[in-house]
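For reference, the structure discussed in these notes is given below.
Protein chains in written order, with this note's numbering: chain A, 62 to 331; chain B, 626 to 1271.
Shown next, in the form of structure tokens:
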């Protein structure tokens, strides 16, 4: 078989970057939300490292997780033999930070970004594997595969290092870390086609039930399902190819105020 | 597996969209001089192909109306606030769109000179390019520069959009004039395209819809031209290069992981690993493929892998392999060297400097290196190559130069095998520039092996050291009167060799008399012993691969003759340099006040005063320091010395 499909190319590129990152950084971790992209990452890691995920997988638990997601977490951890680390910003929860009393941008910042900062301080990772894609949001269109964050988790998108010929900026000073974003070139439809081709396990909330499904999964109070009858991957792909609504439309923190996503990302949100 | 919900049934119900066939996305970089309408063109394509998010067009139009501004398609691209404020495109952006034929990814590269690195980032993995030239302004500096960079980056498939035809009265004559001029320029870069499109992005002429105002144009619209292009095919017809990323031992398998850059590989193939030059046979191609997925995934039929595949292999014989090694077939091996020629483009603020230590990265190899000569610099506006005497290459310049590495590097010429013919230079962790290798000489690997080059086993030979150092060891013996300028020339010569990444070392009275020869005085027998010891040390250092520069009066022919004989015993090149200056000149210089002391009788047996100096009869080199400056003297030594060190 001398030809390769679009998905083969994407897979090859992601596996290549996985291995480059694993070689370049001593202390690496992979945030895992149990969402579809996250599970594709686990799958690609297993391909890159021949059936192993040779670094810890981090779940930032906001304590507002859907029960189905936690169930999936338990199953997948055993299935892939993951080294799972669960991180909760206990301090913020103790202060009463929550969707019941605070706005979504604040809560997301405290329970996700600050929780991640706490985990970084604790484990001193020099690189994080992330599953962000260029097509998710305009601010992500400018990302690099290897993207440095300073000690405050800030992203200097105006002065990014060049990246070409498979050569990446792989150095991080003390307190800095590098985000390795190996799904950048994938689109939402690519992800679904790959899940279908490889038969990758994903949470069942993505599939329509009673005329509704989740297109993107976040915290339960601020994640809204879309109207859909797509109960198979084929139907989801067909739906995506006709829609022109953005993927994260159901995620309230992105829309709370103007440019919310940009603000979240500049502050270190994944 | 109760959680798995992915179902492959119901396939027939899927709506077959034209672009959903899985055909590869075509990555197209858009470049153009500032204000030639590139952003407008992209906005127009997105709009006319219905590729914008729902409501985006209306939203921007409303915003313009509210601000009392005329709507422009370029506004559609302004994804970040900063861009709107500065009104420039700040970085490479990737934007998807689709036609009836396939999916596209637009790589928007800025027209601003200072953002070269972003353009390179975007363009380096593009399948094709669209060059935008405004009809009213015609071919500008950036129009040329971008085409040159695209050719350097290896983008070969492109079309030229002559935009803003509305500002040129849709004139065919104006279009043909620009086409002719640009075509001539492209020819100088060995680039060729037949696709020139007269267009107006603002009014949508010849973008997706055929223009009625320019019926004289018989070629395609932009959309048609793009649809006629093809994604880059994997280079399977080139010789095999598998670049090793890592060796994994997660279980009892020892898996060599890497990407096939070119060619194909099969189980049973004999591979040569460079630079170790060891061979072994491919035992297996390893895949992780759970049984549940074998039916749907195309992999797992694994006896063969091709260019572009990220693979893992096991070998029959467990030879030592590590990251950076390059596997090939024995009939078509890459070049292995420590010195190569390249065209380098520089993107760091700090200029590229001769003799500064950089790290070269080529595929998965990483070696320390220096730029040892800079021969030509490309003029940024005329794109002419000019010989240069400069010792640095500024940001945004392209230079033709020679690089020497501290360890062997495995490479190919770029025109033969691009992935192994390009490299980046890294300084302090930052990628500072990229280069294209040319002029490398392929050698028969089996012949090299028999010549006992240093990577083979056994004693390390002088030849092996010379290969690693990039030059042979030698003794440069300076002789002349006190005050003739030996030490000054020795130090200047040492510096010149050093910045060429060579390994020089000066032996002179100061560092020898105080240690090694501290028990010797100036009596004739002590002088003889002094020179004998210096000769022996010089021989050893030359044997170790250094260029030893000695700076001693060494007045007696017999002593110098013996120094030569000792050096020859060690197979080191011996170069006698007569540093000639008349006694009266030396006495007048008298840098250490020794002549005065000798005249005053405070020093006895001082050469030239009360002891003889026997001038060399047939020295390799003579410099006359009363007629030549230090620089001239050093230059004349270098001219004759360097060829002898190769």
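Using N, Cα and C, we set each Cβ at its ideal position, and we do this for glycine too.
By alpha-carbon distance to residue 937 (chain B), the top candidate from B:1045, B:1238, B:878 is B:878.
Annotated three-state conformation of residue 810 (chain B) is helix, per DSSP.
For the 8 Å CB-CB criterion, residue 799 (chain B) and residue 760 (chain B) form a contact. The stretch 785-804 of chain B makes contact with the stretch 823-830 of chain B: 3 or more CB pairs, one atom from each, lie closer than 8 Å. In chain B, no part has a C-beta under 7 Å from the C-beta of residue 247 (chain A); the shortest such distance is about 10 Å. For residue 742 (chain B), the C-beta contacts it makes with chain A under 7 Å involve 223, in order along the chain. For the alpha helix (DSSP H) assignment, the uninterrupted runs of no fewer than 4 residues enclosed by the stretch 1115-1140 of chain B are, from N- to C-terminal side, 1134-1138. Interface with chain A (8 Å Cβ-Cβ cutoff): residue 1022 (chain B) is excluded. One finds 110, 111 in chain A with Cβ atoms closer than 8 Å to the Cβ of residue 873 (chain B), taken in chain order. Listed in chain order, the positions of the stretch 120-137 of chain A with a beta carbon within less than 7 Å of a beta carbon of chain B are 133, 136. Residue 967 (chain B) and residue 1023 (chain B) have their C-alpha atoms spaced approximately 10 Å apart. Assignment of beta-bridge partners to residue 937 (chain B) by DSSP yields B:882, B:911.
Those residues of the stretch 1053-1066 of chain B placed with their C-beta closer than 7 Å to a C-beta in chain A are 1054, 1055, 1056, 1059, ordered along the chain. The continuous stretches of beta strand (DSSP E) do not include residue 255 (chain A), which lies in the alpha helix (DSSP H) extending over residues 249-259. Annotated three-state conformation of residue 870 (chain B) is strand, per DSSP. With at least 16 other beta carbons inside 10 angstroms of its own, residue 970 (chain B) counts as buried. As for any alpha helix (DSSP H) of minimum length 4 sitting wholly inside the stretch 103-160 of chain A, the runs are 128-140, 151-155, ordered along the chain.
DSSP places residue 967 (chain B) inside the beta strand (DSSP E), whose first and last residues are 960-971. In the structure shown, residue 77 (chain A) falls within a helical segment according to DSSP collapsed to helix, strand and coil. Nearest in C-alpha terms to residue 1036 (chain B), of all of B:886, B:1001, B:818, is B:886. The shortest CA-to-CA distance from residue 774 (chain B) to any of B:835, B:958, B:1199, B:1058 is the one to B:1058. Residue contact check for residue 1241 (chain B) against chain A: no CB pair falls below 8 Å. For residue 1149 (chain B), the enclosing alpha helix (DSSP H) starts and ends at 1149-1168.
Restricting attention to B:746, B:931, B:1011, B:806, the CA atom closest to the CA of residue 66 (chain A) is found in B:931.
Secondary structure at residue 652 (chain B): strand, using DSSP grouped into helix, strand and coil.
Residues of chain B whose Cβ lies closer than 7 Å to the Cβ of residue 77 (chain A) are, in chain order, 884, 935.
Following the DSSP letters along the chain, one finds residue 165 (chain A) inside the alpha helix (DSSP H) bounded by residues 165-169.
Using beta-carbon distances, residue 909 (chain B) does not count as an interface residue toward chain A, since no partner is under 8 Å. Within 10 angstroms of the beta-carbon of residue 187 (chain A) lie 16 or more other beta-carbons, which makes it buried. Residue 1088 (chain B) is outside the set of residues whose beta carbon lies under 8 Å from a beta carbon in chain A.
The shortest CA-to-CA distance from residue 1169 (chain B) to any of B:1190, B:907, B:1087 is the one to B:1087. Residue pairing from DSSP places residue 983 (chain B) in a beta bridge opposite B:994. Taking C-beta atoms under 8 Å as the contact rule, residue 118 (chain A) and residue 93 (chain A) qualify, at a distance of about 4 Å. Residue contact check for residue 73 (chain A) against chain B: a CB pair falls below 8 Å. If you draw a straight line from the Cα of residue 1044 (chain B) to the Cα of residue 1204 (chain B), it comes to about 50 Å. For residue 998 (chain B) and residue 1046 (chain B), the gap between their C-alpha atoms comes out near 19 Å.
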